[in-house]
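Numbering (full-length UniProt numbering), first residue to last: 1 to 403.
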């Protein structure tokens with residue numbers, strides 16, 4: 001049909017986009033989808049046009065009597081005819097041979113469906129009964145899931161590598177930006193990406209992204225190794241905690257950090273005052289939601305050396321572990337977390353951003369990334385479930401046994 005297509009004068013009838021169709025579905029809760037049988041072959045060619053479809057076979061010359069695939073104007077002609085056939089029918093939209101009937105409730109939907117079926121019969125258009133679906137509260141149309149809850153992608157159309165989503169090249173910069181929120185290091189960023197997504201050369205691109213991050217470059221400094229003997233791992237989450245104060249910050253505030261040694265989960269509370277009363281108030285707030293630990297470690301700050309603090313711990317059934325005097329590195333986990341937190345604050349200051357927002361982003365990244373010590377994310381070890389983030393991932397379905 002190449003020579004014939006060169007001579008055909010096309011109508012240029014606009015085919016509606018998916019977005020245009022979706023706008024008409026606003027507030028609909030009931031759907032039906034009709035499929036026209038044989039596609040283009042439902043439309044008869046005018047006798048004067050049939051000669052240009054002539055083709056030769058070993059049995060002689062033949063020509064099409066109906067609209068065929070390969071004619072350049074076929075899609076727009078077909079769309080025009082079907083749309084004209086349905087003109088005047090409410091709650092109906094079509095792209096090519098896919099016809100949607102929708103309504104805000106069952107009564108409205110059924111009334112519209114009946115009208116469309118009558119119109120198709122009047123126009124001698126035949127449906128493919130096997131592909132038609134009726135009275136659906138959720139429907140797949142043009143690769144999208146439509147329901148009363150909104151619009152979403154179909155998971156069966158996603159490309160996977162194992163359980164990880166394969167990211168197209170155009171979306172990779174966006175995913176790298178999401179994975180680097182909170183400015184994690186190279187190792188943490190790689191672990192975060194590997195747990196959810198994949199593409200060729202993902203590690204190399206993640207490493208390059210970290211090394212060229214403007215904020216990280218502004219405050220980067222070589223890490224000094226700390227020859228500290230690590231504490232033995234507790235038998236369960238939220239049994240052995242360490243606390244430390246960081247500050248005062250340029251804003252005049254300080255930060256109380258609490259780390260769970262088992263899960264490495266990190267809690268942070270901003271404080272205007274670091275008096276003993278305020279420290280206990282912050283601890284009470286956290287213990288109300290997380291529960292009381294068996295052991296609470298701290299340095300030898302004045303708040304933690306007081307008799308009132310010892311009485312508070314004893315009254316709540318907690319032991320107190322103190323680090324060696326004049327050797328803050330002995331509280332190694334807290335010192336490492338404070339250093340990481342301080343790095344994010346310095347980046348926020350260098351980029352003229354609100355430090356609390358940047359700290360929140362860092363905490364989401366840290367809590368949801370597999371820890372180098374445990375191999376599991378802190379949130380999953382503490383709560384028994386994975387923490388959902390902005391990174392794309394497959395939806396996990398609960399089984400009846402889990403319920």
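By construction, the Cβ of each residue, glycine as well, lies at the ideal position given by its N, Cα and C atoms.
Being a predicted model, the structure only gives us computed values, none of them experimental.
- Apart from the 5 residues on each side of it in sequence, residue 240 sits with its Cβ closer than 6 Å to the Cβ of 234, 261 and 295 in its chain, given in chain order.
- Pairwise C-beta distances place the segment 6 to 14 out of contact with the segment 110 to 128, as fewer than three of them are shorter than 8 Å.
- Counting C-beta atoms within 10 angstroms of its own C-beta, residue 170 has fewer than 16 neighbours from the protein chains shown and is therefore classed as exposed.
- Within the same chain, 36, 42, 82 and 85 come within 8 Å of residue 125 by CB-CB distance, once the 5 residues on both sides are set aside.
- Residue state for residue 141 is assigned as strand, using DSSP reduced to three classes.
- Under the three-pair Cβ rule at 8 Å, the segment 367 to 378 counts as touching the segment 184 to 202.
- Exclusion of the five residues before and after residue 309 leaves 276 and 303 as the residues of its chain whose Cβ lies within less than 7 Å of its Cβ.
- Each of 393, 375, 340 and 87 was checked against the Cα of residue 360, and the nearest Cα belongs to 340.
- Counting along the chain, the unbroken beta strand (DSSP E) around residue 259 starts and ends at 254 to 260.
- Distance from the CA of residue 192 to the CA of residue 284, rounded to the nearest whole angstrom, comes to 32 Å.
- Assignment of residue 209 by DSSP, reduced to helix, strand and coil, places it in the helix class.
- In the structure shown, the three-state DSSP call for residue 167 is coil.
- Annotation: residue 48 is outside any alpha helix (DSSP H) and is labelled neither H nor E by DSSP.
- In terms of CA proximity to residue 137, 105 leads the group 105, 207, 357 and 248.
- Restricted to the segment 27 to 97, the beta strand (DSSP E) segments that are unbroken, complete and at least 3 residues in length are 30 to 35, 55 to 57, 60 to 62 and 92 to 95, listed in chain order.
- When DSSP states are grouped into helix, strand and coil, residue 102 belongs to the strand group.
- Residues 368, 377, 379, 380 and 396 of the same chain have their beta carbon placed closer than 8 Å to that of residue 386, with the five preceding and five following residues left out of the count.
- Cβ-Cβ separation between residue 112 and residue 143: approximately 24 Å, too far for a contact (criterion under 8 Å).
- Residue 68 places its beta carbon less than 8 Å from that of residue 53.
- In terms of CA proximity to residue 163, 199 leads the group 199, 189 and 321.
- About 12 Å separates the beta carbon of residue 71 from that of residue 9, a gap too long to meet the 8 Å contact definition.
- Partner residues in the beta bridge of residue 133, as assigned by DSSP, are 33.
- Leaving aside the five residues that flank residue 254 on each side, the residues in its chain whose CB is nearer than 7 Å to its CB run, in chain order, 245, 246, 247, 248, 271 and 274.
- Under a 10 Å Cβ-count criterion, residue 394 is classified as exposed, with fewer than 16 other Cβ atoms of the shown protein chains found around its own Cβ.
- For the options 374, 73 and 32, the alpha carbon positioned closest to that of residue 6 is the one of 73.
- In this structure, residue 28 lies near residue 102, with their beta-carbon atoms less than 8 Å apart.
- Annotation: residue 313 to residue 159 spans about 53 Å, alpha carbon to alpha carbon.
- Apart from sequence neighbours up to five positions away, the residues of its chain that approach residue 349 with a beta-carbon distance below 8 Å are 250 and 355, ordered along the chain.
- When the five nearest sequence neighbours on each side are left out, the beta carbons in the same chain lying within less than 7 Å of the beta carbon of residue 338 are those of 244, 246 and 257, in order along the chain.
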